[in-house]
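Residues in the sequence shown are numbered consecutively from 836, following this note's numbering. Every residue, glycine too, gets a C-beta built ideally from N, C-alpha and C. Below: one structure, written as C-alpha coordinates.
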Amino acid sequence: MLSPLPEFARSAGAPRLARGSDVEDIGLRLPEGKAIGLSVIAGPAKGLVYSVQKPRVVMGRADADIIINDKEISRWHCALEIKNDVIRLRDLESTNGTFFEDERVRVAELKHLSEFRIGGSVILLSVTPKLAVAR
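Quick look at the structure:
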(Lines of atoms letter the chains of each structure in order from A; the text may use other names.)
(Lines give C-alpha, C1' and ligand atoms only; values in the text may rest on other atoms or scores of the structure.)
Protein backbone atom coordinates (compact mmCIF):
# COMPACT_ATOMS: atom_id res chain seq x y z
CA MET A 836 0.00 0.00 0.00
CA LEU A 837 1.37 3.42 -0.92
CA SER A 838 0.90 6.30 1.49
CA PRO A 839 -0.91 9.39 0.24
CA LEU A 840 1.40 12.24 -0.65
CA PRO A 841 1.39 15.23 1.69
CA GLU A 842 0.65 18.63 0.17
CA PHE A 843 4.34 19.60 -0.28
CA ALA A 844 4.92 16.52 -2.42
CA ARG A 845 1.99 16.86 -4.81
CA SER A 846 2.23 17.94 -8.46
CA ALA A 847 4.42 20.97 -9.12
CA GLY A 848 5.25 21.34 -5.43
CA ALA A 849 7.25 18.13 -5.32
CA PRO A 850 10.96 18.92 -5.37
CA ARG A 851 12.49 16.60 -7.97
CA LEU A 852 16.07 17.70 -7.53
CA ALA A 853 18.95 16.33 -9.46
CA ARG A 854 22.01 15.60 -7.37
CA GLY A 855 23.83 18.84 -6.72
CA SER A 856 20.79 21.09 -7.21
CA ASP A 857 20.53 24.18 -5.05
CA VAL A 858 18.56 23.09 -1.97
CA GLU A 859 18.28 26.69 -0.77
CA ASP A 860 15.75 27.31 -3.55
CA ILE A 861 13.23 24.98 -1.89
CA GLY A 862 14.05 25.98 1.68
CA LEU A 863 15.97 22.91 2.82
CA ARG A 864 18.43 23.44 5.68
CA LEU A 865 19.92 21.44 8.52
CA PRO A 866 18.56 22.19 12.01
CA GLU A 867 20.79 24.40 14.13
CA GLY A 868 22.41 22.75 17.12
CA LYS A 869 21.50 19.20 16.08
CA ALA A 870 23.43 16.33 14.54
CA ILE A 871 21.69 13.84 12.25
CA GLY A 872 23.03 10.34 11.83
CA LEU A 873 22.08 7.21 9.91
CA SER A 874 23.07 3.78 11.24
CA VAL A 875 22.66 0.59 9.22
CA ILE A 876 21.29 -1.81 11.85
CA ALA A 877 20.52 -4.80 9.60
CA GLY A 878 21.57 -6.01 6.17
CA PRO A 879 24.83 -6.42 4.24
CA ALA A 880 26.29 -3.10 5.49
CA LYS A 881 25.26 -3.61 9.13
CA GLY A 882 27.37 -1.51 11.49
CA LEU A 883 28.06 1.40 9.15
CA VAL A 884 27.21 4.87 10.51
CA TYR A 885 26.86 8.01 8.41
CA SER A 886 26.72 11.63 9.53
CA VAL A 887 24.33 13.80 7.50
CA GLN A 888 26.22 16.95 6.51
CA LYS A 889 23.80 18.58 4.06
CA PRO A 890 20.03 19.09 3.93
CA ARG A 891 19.45 16.68 1.04
CA VAL A 892 21.30 13.40 0.76
CA VAL A 893 20.69 10.64 -1.77
CA MET A 894 21.13 7.07 -0.59
CA GLY A 895 21.82 4.32 -3.07
CA ARG A 896 24.04 1.53 -4.31
CA ALA A 897 26.31 3.70 -6.50
CA ASP A 898 27.07 7.33 -7.30
CA ALA A 899 25.04 8.55 -4.30
CA ASP A 900 25.86 10.75 -1.30
CA ILE A 901 25.54 7.74 0.98
CA ILE A 902 26.50 4.47 -0.67
CA ILE A 903 25.16 1.27 0.84
CA ASN A 904 26.52 -1.96 -0.63
CA ASP A 905 23.28 -3.94 -0.92
CA LYS A 906 22.34 -5.57 -4.24
CA GLU A 907 18.61 -4.92 -3.56
CA ILE A 908 19.12 -1.14 -3.39
CA SER A 909 18.74 0.96 -6.54
CA ARG A 910 21.56 3.16 -7.76
CA TRP A 911 19.68 6.22 -6.45
CA HIS A 912 17.16 4.65 -4.09
CA CYS A 913 15.86 7.35 -1.76
CA ALA A 914 16.67 10.76 -0.33
CA LEU A 915 16.49 12.48 3.03
CA GLU A 916 15.25 16.04 2.72
CA ILE A 917 15.65 18.18 5.82
CA LYS A 918 13.95 21.49 6.46
CA ASN A 919 14.94 22.59 9.96
CA ASP A 920 13.27 20.05 12.29
CA VAL A 921 11.26 18.28 9.59
CA ILE A 922 12.97 15.24 8.06
CA ARG A 923 11.34 13.60 5.06
CA LEU A 924 12.28 10.32 3.47
CA ARG A 925 11.50 10.30 -0.27
CA ASP A 926 11.63 7.24 -2.51
CA LEU A 927 13.34 8.04 -5.82
CA GLU A 928 11.26 5.60 -7.89
CA SER A 929 13.37 2.69 -6.69
CA THR A 930 12.80 -0.79 -8.03
CA ASN A 931 12.30 -2.52 -4.67
CA GLY A 932 10.71 0.37 -2.78
CA THR A 933 11.30 2.26 0.45
CA PHE A 934 9.53 0.99 3.57
CA PHE A 935 8.56 2.84 6.75
CA GLU A 936 6.52 1.19 9.51
CA ASP A 937 6.17 -1.94 7.33
CA GLU A 938 4.51 -0.03 4.48
CA ARG A 939 5.93 0.93 1.11
CA VAL A 940 6.03 4.72 0.97
CA ARG A 941 6.73 7.46 -1.54
CA VAL A 942 7.24 10.03 1.22
CA ALA A 943 7.37 9.65 5.01
CA GLU A 944 8.17 12.02 7.82
CA LEU A 945 10.86 10.71 10.16
CA LYS A 946 11.71 11.53 13.76
CA HIS A 947 14.52 10.61 16.17
CA LEU A 948 14.93 6.80 16.27
CA SER A 949 12.75 6.18 13.21
CA GLU A 950 13.69 3.06 11.27
CA PHE A 951 13.18 2.51 7.55
CA ARG A 952 14.13 -0.22 5.11
CA ILE A 953 15.65 0.00 1.65
CA GLY A 954 16.55 -3.26 -0.05
CA GLY A 955 17.69 -5.71 2.61
CA SER A 956 19.01 -2.93 4.85
CA VAL A 957 17.30 -1.40 7.89
CA ILE A 958 18.46 2.13 8.72
CA LEU A 959 18.01 3.99 12.01
CA LEU A 960 17.79 7.78 12.04
CA SER A 961 19.13 9.65 15.07
CA VAL A 962 18.78 13.34 15.85
CA THR A 963 20.90 14.47 18.78
CA PRO A 964 22.19 17.77 20.18
CA LYS A 965 25.53 18.79 18.69
CA LEU A 966 28.33 18.66 21.18
CA ALA A 967 29.99 21.97 21.90
CA VAL A 968 33.64 22.13 20.97
CA ALA A 969 35.91 23.22 23.83
CA ARG A 970 38.13 26.18 23.03
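Give the range of the beta strand (DSSP E) segment to which residue i is assigned.
i	result
Lys869	Lys869 to Ala877
Ser961	Ser956 to Pro964
Arg939	Glu938 to Val940
Ile917	Cys913 to Lys918
Arg925	Val921 to Asp926
Ile861	Unbroken run through Ile861: none, as it is neither H nor E.
Would residue i be called buried (16 or more neighbouring beta carbons within 10 Å of its own) or exposed?
i	result
Asp937	exposed
Thr963	exposed
Ala897	exposed
My guess is that residue i and residue j are in contact by the Cβ rule of under 8 Å, so how many angstroms apart are they, rounded?
i	j	result
Leu865	Pro890	5 Å
Val887	Ile903	Not quite, the Cβ-Cβ distance comes to about 14 Å (not below 8 Å), so this is no contact.
So, are the CB atoms of residue i and residue j less than 8 Å apart?
i	j	result
Val940	Ile876	no
Ala948	Leu959	Checking the displayed sequence, the identity of residue 948 turns out to be Leu instead of Ala. Yes, the Cβ-Cβ distance between Leu948 and Leu959 is below 8 Å.
Ile908	Ile861	no
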